[in-house]
Amino acid sequence: MTPNLNNSENLFVANLQQVSLEKLVKSKLEVLFQQQKEAQVELNGLYNIVLEQVERPLIELALKAYNGNQVKTALMLGINRNTLKKKIDNYKLKPKKGAQALASDAMVAPTTTLTQ
């Protein structure tokens, strides 16, 4: 049995300019662990799921900010361009120049989400 991660009863609403990403993630994980406890189920692979759900949008938005330029994106992220390229391939991202940089990626849904 999988906990219901889309239950709006536990929706966390915050002023995103005043709440740190760390606090938002912590709040979300607290809800997830409570749901897991209540449902008496085991969570497997949570570390990789969390990393993917933070890393993928980070890379998408960074690529968009630099219009698909992988060299500049890698520098901004503080990773090697080859590492960035592997992550782009792993997440099946399609960096493009211009305004349509992420339009095709919207069609690729993540396999597991932590959304409420």
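Its first residue numbered 32, the sequence shown is counted upward by one per residue in the working numbering.
For each residue, glycine too, the CB sits at the ideal point set by N, CA and C.
Values in this document were obtained by computation on a predicted structure and should not be read as measured data.
Boundaries (first-last residue) of the alpha helix (DSSP H) holding residue i
{"i": "Y122", "result": "No alpha helix (DSSP H) contains Y122, which DSSP labels as neither H nor E."}
{"i": "N79", "result": "77-96"}
{"i": "S51", "result": "Segment: none, S51 is in no alpha helix (DSSP H) and carries neither H nor E."}
{"i": "L74", "result": "It is not in any alpha helix (DSSP H) - L74 carries neither H nor E in the DSSP assignment."}
{"i": "L47", "result": "Note, L47: premise wrong, no alpha helix (DSSP H); not H, not E."}
Reduced DSSP secondary structure (H/G/I, E/B, other) of residue i
{"i": "N100", "result": "coil"}
{"i": "N113", "result": "helix"}
Neighbour-count burial assignment, residue i, 16 or more Cβ in a 10 Å radius
{"i": "N113", "result": "exposed"}
{"i": "G109", "result": "exposed"}
{"i": "L60", "result": "exposed"}
{"i": "Y78", "result": "exposed"}
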